[in-house]
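Report on the following structure.
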Amino acid sequence: MLFIIYSQLILRELFYTLSDFSNILLDETEPEQWVKYTAYDFFTEEEKRQFNPDGSFRPEYVEYACSIGISEEALEEIERRKKIDVQNYNEVSARYAEQGINFGEQQMQARIADSKSYLQRREQMKKDLRNFEDVDSLPFDKGTPY
């Protein structure tokens with residue numbers, strides 16, 4: 248009950264102190280730019296050399312893979328799984344877009360944050376190794392080259 252009273256007081260205070268709500272409403276005249284990311288944007292560089300944006304293999308990679316002894320059945324299975332990954336990304340992205348959420352943007356921001364903290368995590372792992380921390384608690388494999 249006390250929470251409701253405080254909430255009402257806060258809302259009343261906001262209403263009387265903010266005479267112009269235009270700064271907190273959505274700007275429909277100049278909306279934010281919506282960057283459309285595809286599953287291909289999240290492929291590794293190696294995957295980009297191997298696969299097309301739809302998840303199918305590039306013909307030159309199929310030739311190379313067959314020349315080094317990878318069977319066609321194995322290639323078909325790998326391709327099938329990559330196509331499923333692309334399809335799943337597209338479905339999730341569409342579902343989020345219906346709710347007004349840019350799924351690709353969220354994923355890209357998460358990757359950027361991870362890459363920014365990589366050096367910090369690596370330094371922490373070095374300290375943990377010096378302090379004889381349990382190997383299972385380390386963020387990387389102990390054999391990771393630096």
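FYI, the numbering for the sequence shown is 248 to 393, going by the working numbering.
For every residue, glycine included, the Cβ atom is placed at its ideal position computed from N, Cα and C.
What you are looking at is a predicted structure, and each value in this text was computed from that prediction instead of being measured.
(request) Could you tell me how far apart the beta carbons of VAL339 and LEU322 are, in whole angstroms, since I believe they sit closer than 8 angstroms? (result) Translated into the one-based positions of the sequence shown, residue 339 becomes position 92. Translated into the one-based positions of the sequence shown, residue 322 becomes position 75. The pair is not a contact, with the Cβ atoms about 26 angstroms apart (cut-off 8 angstroms).
(request) Tell whether a beta-carbon distance below 8 angstroms holds between GLY302 and LYS329. (result) In the sequence shown, the residue the question calls residue 302 occupies position 55. In the sequence shown, the residue the question calls residue 329 occupies position 82. Yes, these two residues count as a Cβ contact at 8 angstroms.
(request) Kindly indicate the opening and closing residues of the alpha helix (DSSP H) around GLN371. (result) As a working note, residue 371 is residue 124 in the sequence shown. Note, GLN371: alpha helix (DSSP H), 350-377.
(request) Measure the alpha-carbon distance for ASP241 versus MET372 and round it to whole angstroms. (result) What is shown of the chain runs 248 to 393, which leaves residue 241 out entirely.
(request) Could you name the residues that DSSP lists as bridge partners for PHE298? (result) Mapped onto the sequence shown, residue 298 falls at position 51. Partner(s): PHE304.
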